[in-house]
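Protein chains in written order, with our numbering: chain A, 343 to 873; chain B, 261 to 537.
Ideal Cβ positions, reconstructed from N, Cα and C, are used throughout, including at glycine.
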């Protein structure tokens with residue numbers, strides 16, 4: 343069978359266009375900030391790599407006879423960084439040119455596939471990862487130059503694996519999100535996976551069973567970082583051969599998944615004819631807010647509940663808040679309770695934060711409609727915040743029941759009340775911040791996908807800065823507090839509710855004024871960017 | 261025939277208190293709108309009377325949509341004043357917006373909502389009660405042939421379907437002035453014919469339409485008055501009644517038998533040849 347012929351001229355043109363688009367993005371004000379942050383982080387990584395990792399660490403590890411273990415650790419780190427960065431940026435072939443875009447040009451489906459993945463592989467992140475992995479391979483070849491002819495191709499294969507696994511995950515997530523329950527399934531799965539990872543880590547740290555650890559070591563050898571590490575730093579030829587087979591398998595597996603997903607056509611939307619369903623629960627709930635706010639609250643509730651990011655957050659919140667405190671290593675029960683209190687603080691607000699921190703971003707061109715409605719813009723803003731708070735608050739009762747069902751510290755009224763107060767305080771605090779970030783750092787969001795929505799650097803920096811006052815006391819309590827101590831000062835959480843409610847009220851007032859001044863800028867930041 | 265613009269009284273009590281024909285309902289005085297260094301609308305003055313269908317024409321980038329944006333509260337004017345229905349738009353914008361309907365450029369739809377939800381949202385925001393809202397939404401969706409797509413979010417609608425939804429949203433509260441930016445573009449011929457009929461009935465009730473369009477034949481047949489804007493300035497304004505009677509219109513001392521001829525005279529004819537075609 344004849345393989346695809348690569349239309350090189352088109353490939354070069356599209357590659358040039360891809361980098362022109364990246365450059366155009368970097369020239370915008372938020373792009374410049376992102377580029378600066380990315381270069382800064384990259385600079386630190388390069389410095390750390392050369393100063394601590396890379397050559398010197400590799401050289402020292404070889405001397406100490408721990409070369410494979412060290413290489414495994416570093417490669418695992420690089421894989422995680424590469425895949426996470428690929429997932430966040432949306433990875434090459436999806437962002438650059440989709441199959442539908444390339445269908446305009448006179449090339450076959452195989453050529454389209456080849457061109458897409460070649461352009462995808464040349465997206466900045468993958469050459470960067472290759473440079474770092476190849477540098478690691480070069481470091482391990484110091485003193486053993488015969489390793490280089492094996493190490494460098496192994497580095498390339500390892501990056502190819504990272505690329506394929508990223509693209510396969512993205513395709514699977516896309517397909518899952520096409521289903522109505524997709525975001526909820528994905529959110530719960532991610533939360534449970536994170537809890538499971540922490541649980542395994544916790545069990546291993548507690549375990550003194552050498553047999554377990556040896557079995558784990560044998561398994562790790564055949565996972566991608568282990569196989570690549572054996573190729574880059576291994577000494578025995580049988581070990582190298584087995585590792586090569588394992589790495590080839592790890593490349594074929596995501597490629598097969600990708601092939602199967604791309605081969606299967608998307609599920610068509612089936613129209614269900616029928617009458618209009620009036621008076622559903624969203625309208626009834628929003629009806630509590632009267633004719634002035636009600637329709638706006640209903641609109642926002644629908645916007646949030648149909649955004650896959652918010653649905654993902656809502657689905658992940660309870661398993662995360664209830665499960666995580668239990669699986670952290672070495673936790674006494676009262677520490678578990680404190681951890682639960684911290685997580686309740688974040689749960690109700692962080693789960694809806696994709697909407698509440700950038701409300702109008704979900705509206706796209708629709709943001710222009712608010713200007714033609716006979717209501718002040720600030721009312722729309724307030725309704726969006728109320729809807730986010732409602733959704734967050736709904737999580738508190740089931741999370742409380744689930745948490746208390748597993749606890750075995752003697753409960754009294756205060757210990758039951760405190761998670762509720764913590765949750766309510768968190769909702770007021772984070773939604774007060776959301777009022778500001780919505781107005782000051784708006785950016786357009788595709789509500790159909792979790793991956794590839796690029797918040798501007800200013801948004802990320804503002805969020806990180808604003809989160810600190812909430813995070814630091816919680817960390818302090820984790821370090822030195824006890825359930826008894828916190829219980830004796832339970833009223834502090836009540837005071838926190840009052841303080842954060844006041845902060846929320848003040849934010850409502852002042853962001854209303856800021857909206858008046860920034861209305862046109864806000865609209866153009868969302869609507870024109872999405873045109 | 262749909263009863264959207266029927267003579268029946270409005271059960272929600274929001275029937276427009278139509279101005280007497282001939283009253284000035286849109287008055288723009290020395291309107292200027294700048295975007296940074298670019299002047300999109302330059303010292304524009306214009307008046308439109310009640311009960312008229314006014315066509316606002318101009319080449320691409322002439323300032324039509326910017327003018328509508330300023331008239332409807334989407335954009336804040338850099339200078340000049342706007343009075344709608346006898347009231348100054350600033351500071352009475354909320355009260356005035358209740359009495360006008362807008363189909364803006366880009367349509368401004370909420371893509372996650374379904375058509376009935378979107379229309380009901382608009383109706384409620386303009387103060388219609390629940391019963392009236394339901395009745396009008398059902399009627400509009402039926403008339404616009406959108407009942408087969410009740411379950412789909414608006415982002416999955418075709419360009420024409422989206423335009424129909426935006427049009428329905430602009431008229432659902434029976435406004436006194438209707439601002440329409442390119443209302444017939446992408447819409448199928450039967451829906452276009454129905455919309456034109458609705459607009460004729462609407463102005464016959466004393467309400468006013470201010471619309472932009474690039475389809476000059478449609479404007480010529482539908483509109484009573486026309487304004488042509490070029491480089492942000494009003495280049496011509498006049499009535500079209502002579503054209504319908506087989507007569508002509510005058511501009512710069514010349515007479516034109518069609519609106520297209522007049523438009524090309526103002527905007528400039530472009531006859532450039534391509535070297536390879």
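Against chain A: residues of the stretch 370-396 of chain B by CB proximity under 7 Å: 370, 371, 372, 373, 376, 377, 381, 384, 385, 386 and 394
query: chain A partners of residue 334 of chain B, CB-CB under 7 Å?
result: 710, 713 and 714
- prompt: Where does residue 284 of chain B sit, in a helix, a strand or coil, going by DSSP?
  reply: strand
Residue 503 of chain A burial status per 10 Å Cβ neighbour count (16 or more: buried): Buried is the label assigned to residue 503 of chain A, since at least 16 other Cβ atoms lie within 10 Å of its Cβ.
query: How big is the Cα-Cα spacing for residue 520 of chain B and residue 485 of chain B?
result: 14 Å
query: Below 8 Å between beta carbons: does that hold for residue 726 of chain A and residue 701 of chain A?
result: At the C-beta level, residue 726 of chain A and residue 701 of chain A come within 8 Å of one another.
query: What separation, rounded to the nearest whole angstrom, lies between the Cα atoms of residue 360 of chain A and residue 494 of chain B?
result: One C-alpha to the other measures close to 42 Å.
query: residue 705 of chain A CB to nearest chain B CB: under 8 Å?
result: yes
query: Whose C-beta lies closer than 8 Å to the C-beta of residue 463 of chain B among residues of the same chain, with five residues either side of it excluded?
result: 311, 312, 313, 469 and 484
- request: Label residue 831 of chain A either buried or exposed according to how many other C-beta atoms from any shown protein chain fall within 10 Å of its C-beta, with 16 as the threshold for buried.
  value: exposed
message: I'd like to know whether the C-beta atoms of residue 781 of chain A and residue 857 of chain A end up nearer to each other than 8 Å.
response: yes
- prompt: DSSP state of residue 438 of chain B, grouped into three classes?
  reply: strand
field: Complete beta strand (DSSP E) runs within the stretch 342-420 of chain B (minimum length 3 residues, chain order)
entry: 360-363
message: Count Cβ pairs between the stretch 698-717 of chain A and the stretch 642-656 of chain A that sit closer than 8 Å; are there 3 or more?
response: yes
message: According to DSSP, simplified to helix, strand and coil, what is residue 630 of chain A?
response: The three-state secondary structure of residue 630 of chain A, taken from DSSP, is coil.
C-beta neighbour in chain B for residue 863 of chain A, strict 8 Å: At a cut-off of 8 Å, the C-beta of residue 863 of chain A has no neighbouring C-beta in chain B.
Integer-rounded CB distance, given that residue 435 of chain B should sit under 8 Å from residue 371 of chain B: Not quite, the Cβ-Cβ distance comes to about 24 Å (not below 8 Å), so this is no contact.
Nonlocal neighbours in the same chain, by C-beta distance under 7 Å from residue 395 of chain A, ignoring five residues either side: With a pLDDT of 48 at residue 395 of chain A, under the threshold of 50, the predicted position of this residue should be treated as unreliable, though the coordinate-derived value follows. Counting only Cβ-Cβ distances below 7 Å, and skipping sequence neighbours, we find 416.
Per-residue burial, residue 583 of chain A [other beta carbons within 10 Å of its own, 16 or more giving buried]: With fewer than 16 other Cβ atoms from the protein chains shown falling within 10 Å of its own Cβ, residue 583 of chain A counts as exposed.
query: Applying the criterion that 16 or more other CB atoms from any shown protein chain within 10 Å of the CB defines a buried residue, is residue 362 of chain B buried or exposed?
result: buried
Backbone CA spacing between residue 617 of chain A and residue 428 of chain B [nearest angstrom]: 18 Å
query: For residue 398 of chain B, which residues in chain A fall below 9 Å Cβ to Cβ?
result: 617 and 618
query: What residue from A/537, A/633 and A/839 has the CA that sits closest to residue 687 of chain A's CA?
result: Looking at the Cα atoms, A/839 is the closest of the given residues.
task: For residue 569 of chain A, collect the residues of the same chain with a Cβ closer than 6 Å to its Cβ; drop the 5 residues on either side in sequence, then sort them by chain order.
output: 585, 588 and 589
query: the ligand MG heavy atoms versus the CB of residue 571 of chain A: any closer than 7 Å?
result: The ligand content of the structure shown is nil, which means the ligand MG is not present either.
message: Give me, in chain order, the residues of the same chain whose beta-carbon lies closer than 7 Å to that of residue 378 of chain B; leave out the 5 immediate sequence neighbours on both sides.
response: 369, 370, 414, 425 and 429
field: Per-residue contacts from residue 522 of chain A into chain B (C-beta, under 7 Å)
entry: Neighbours of residue 522 of chain A on chain B: none; closest Cβ ~11 Å, over 7 Å.
query: If you follow the beta strand (DSSP E) that residue 509 of chain B is part of, which residue opens it and which one closes it?
result: 509-511
task: Within 10 angstroms of the Cβ of residue 695 of chain A, are there 16 or more other Cβ atoms? Answer buried if so, exposed if not.
output: buried
field: residue 864 of chain A versus B/489, B/335, B/303 and B/322, residue with shortest Cα-Cα distance
entry: Closest option to residue 864 of chain A, Cα to Cα, is B/335.
query: Along the stretch 625-651 of chain A, what residues have a CB closer than 8 Å to any CB found in chain B?
result: 633, 636, 637, 638, 640, 641, 644, 645, 648 and 649
- prompt: Start and end of the alpha helix (DSSP H) containing residue 833 of chain A?
  reply: 833-865
- prompt: Of all Cβ atoms in chain A, is any one closer than 8 Å to the Cβ of residue 435 of chain B?
  reply: no
Which of helix, strand or coil DSSP assigns to residue 520 of chain B: In the structure shown, residue 520 of chain B sits in a helix (DSSP, three-state: H, G or I).
query: Is any beta-carbon of chain A found at less than 8 Å from that of residue 358 of chain B?
result: yes
field: Under 8 Å from the C-beta of residue 525 of chain A: neighbouring residues of chain B
entry: Residues of chain B passing the Cβ test: none, with the nearest at roughly 13 Å.
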